[in-house]
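Notes follow the structure.
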Amino acid sequence: LRRREGLEKPEYPRPELRAVLEKTLGVPLFQEQAMKVAIVGAGFTPAEADQLRRAMATFKVTGGVSHFSEKLVEGMVSRGYPRDFAERTFRQLEGFGSYGFPESHAASFAKISYASSWMKHHHPDVFCASLMNAQPMGFYAPAQIVRDAQAHDVQVRPPCINASRWDCTLEPTGGRFLAVRLGLRQVRGLSNADGAAIVGARSTTLFDSIEDVWRRSGVQRAAIEKLADADAFHAFGADRRQGLWKVRGLGEAPLPLFAAADRLGETISAEGIEPLVDLRPLTDGREVIEDYRSLQLSLRAHPLTFVRGELARRGVTKCAELANIRDGRHVEVAGIILVRQKPGSAKGVLFITIEDETGIANGILWPDRFERQRRTIMSASMIGMKGRVQKEGEVIHVICDRIIDHGDLLHRVGEMSFPHRTGRGDGAKHAGSPDRGDAGWKPEPRPVRWG
7 LRRREGLEKP EYPRPELRAV LEKTLGVPLF QEQAMKVAIV GAGFTPAEAD QLRRAMATFK
67 VTGGVSHFSE KLVEGMVSRG YPRDFAERTF RQLEGFGSYG FPESHAASFA KISYASSWMK
127 HHHPDVFCAS LMNAQPMGFY APAQIVRDAQ AHDVQVRPPC INASRWDCTL EPTGGRFLAV
187 RLGLRQVRGL SNADGAAIVG ARSTTLFDSI EDVWRRSGVQ RAAIEKLADA DAFHAFGADR
247 RQGLWKVRGL GEAPLPLFAA ADRLGETISA EGIEPLVDLR PLTDGREVIE DYRSLQLSLR
307 AHPLTFVRGE LARRGVTKCA ELANIRDGRH VEVAGIILVR QKPGSAKGVL FITIEDETGI
367 ANGILWPDRF ERQRRTIMSA SMIGMKGRVQ KEGEVIHVIC DRIIDHGDLL HRVGEMSFPH
427 RTGRGDGAKH AGSPDRGDAG WKPEPRPVRW G
């Protein structure tokens, strides 16, 4: 990366190695390059080079690279390469197993990355809907996908009993981009079968009331209650509280009399169903928290919007302001935890990504500091990262000295616990088994599994 940025000059002691490594600026990245370096530089036969490739791919488990050291180094020295260059080359190849892959794999990933980037740039509406329909997947949770789409001028509309299908769909706006209508799949706890029954029941005639949904769809009251929780009955002029009140006045299933009337196309008054009561509306903060509980996201506001004043009094910097802070300065940024990762190749270093209403911030926590603050890192939904700003080009990190639990502020937003669920990229919640090939691997003291 330093060579790509022009900060370091590539080295090519011989023209034959330049031909092998020039396209990757002198650093072997692909398995084919490692084999060619061994053949051209050290006189390996193709069979020996393939054995070296296999050893590099499994060296963390077998430790099988070291016995190639003498042959490769001495082979390069006998061909006139400086010994220090030969030894440095072997060290590069020895570390190759932590990142090396075939060039064909790189080309495949590059093609997917380019196509995805093109789609996101030119059609952010389609990109957003596609990712939402492919959940659970990817690095970020639905809330971050939606927020990014909104930041790129895409209108996102809430679930609607008369407009939403099971998947997220696109609706005309008259503007540059189509609007993304959240699908019924986003309603927490609603089954695919219930969603299909609801969409099928309104295929010829839209619903005109909550009672109409109950009678014609044939789904249980619990499913309709989940829709009310998700605030999906605005088409009837009912907000979340009014919808829940109405649903809880329904029976468990439509009575036979109502079902018969529906078959005959007749209308029968739902005698005994209470009239709509004028209920006090929820606070804005409570609405946002309820959105997260039922949809995993909110189209109203970011939860930290409601506590920014208190965060400012505590001296907390907004995530977006890190771009304007000089390298090396000490700051505190706070946000909802999106991702915690401790890769096997990072020697115990923890990487944290948090989000506030202005954007995201990335933190780095050294192993000793992670162990001292493990409980907060693993249990808090909102944290402050105190530490030193590190800038390298456009990449910004906070090298964390201290992690602070700010979960009490989120509790104040809706007077209830914040039901945040991290994205699939969060190693603390969704990772696989640790890499047992790492030197010094030991079981974690808590049952947390990292990728």
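According to my numbering, the sequence shown is numbered sequentially starting from 7. Cβ atoms here follow ideal geometry from the backbone N, Cα and C, with glycine treated the same way.
Query: Where Cys325 sits in the DSSP three-state scheme; Result: helix
Query: Beta-carbon separation (whole angstroms), Val186 vs Cys134, contact threshold 8 Å; Result: 5 Å
Query: Cut-off 8 Å between Cβ atoms - residues of its own chain near Cys325, not counting five sequence neighbours on either side; Result: Val339, Gly341, Ile360, Glu361, Asp362, Thr364, Gly365, Ile366 and Ala367
Query: Burial state of Glu327 (16 or more Cβ within 10 Å); Result: exposed
Query: Nearest candidate by alpha-carbon position, reference Phe312, set Asn330, Leu301 and Glu293; Result: Glu293
Query: Residues that Gln396 bridges to, as DSSP identifies them; Result: His403
Query: Among Tyr298, Asp374, Ile230 and Met143, the one whose alpha carbon lies nearest that of Lys353; Result: Asp374
Query: Reduced DSSP secondary structure (H/G/I, E/B, other) of Val43; Result: helix
Query: Contacting residues, own chain, Cβ-Cβ under 6 Å from His336 (five flanking each side not counted); Result: Arg394
Query: Length of the line joining the Cα atoms of Tyr18 and Glu177; Result: 56 Å
Query: Residue span of the beta strand (DSSP E) that contains Leu356, given as start and end; Result: Leu356 to Asp362
Query: Through-space distance from Val152 to Ser75, alpha-carbon basis; Result: 51 Å
Query: Extent of the continuous beta strand (DSSP E) to which Glu11 belongs; Result: It is not in any beta strand (DSSP E) - Glu11 carries neither H nor E in the DSSP assignment.
Query: Chain-order list of residues whose beta-carbon lies under 8 Å from that of Thr323 (same chain, five-residue window excluded); Result: Ile331, Val337, Glu338 and Val339
Query: Buried versus exposed, by CB contacts within 10 Å (16 or more), Trp220; Result: buried
Query: Buried versus exposed, by CB contacts within 10 Å (16 or more), Arg299; Result: buried
Query: From Glu38, Glu11, Leu7 and Val43, residue whose alpha carbon lies closest to that of Pro21; Result: Val43
Query: Bounding residues of the beta strand (DSSP E) (the contiguous stretch that carries Val339); Result: His336 to Gln347
Query: Cβ distance (whole Å) where Lys29 is taken to contact Ala48 below 8 Å; Result: With 8 Å as the limit, Lys29 and Ala48 do not qualify as a contact, their Cβ atoms being about 21 Å apart.
Query: Sequence-distant residues of its chain with Cβ nearer than 7 Å to Arg8 (five each side left out); Result: Glu14
Query: Of the listed residues Gln302, Ser385, Ile383 and Leu317, nearest to Tyr146 (C-alpha basis); Result: Gln302
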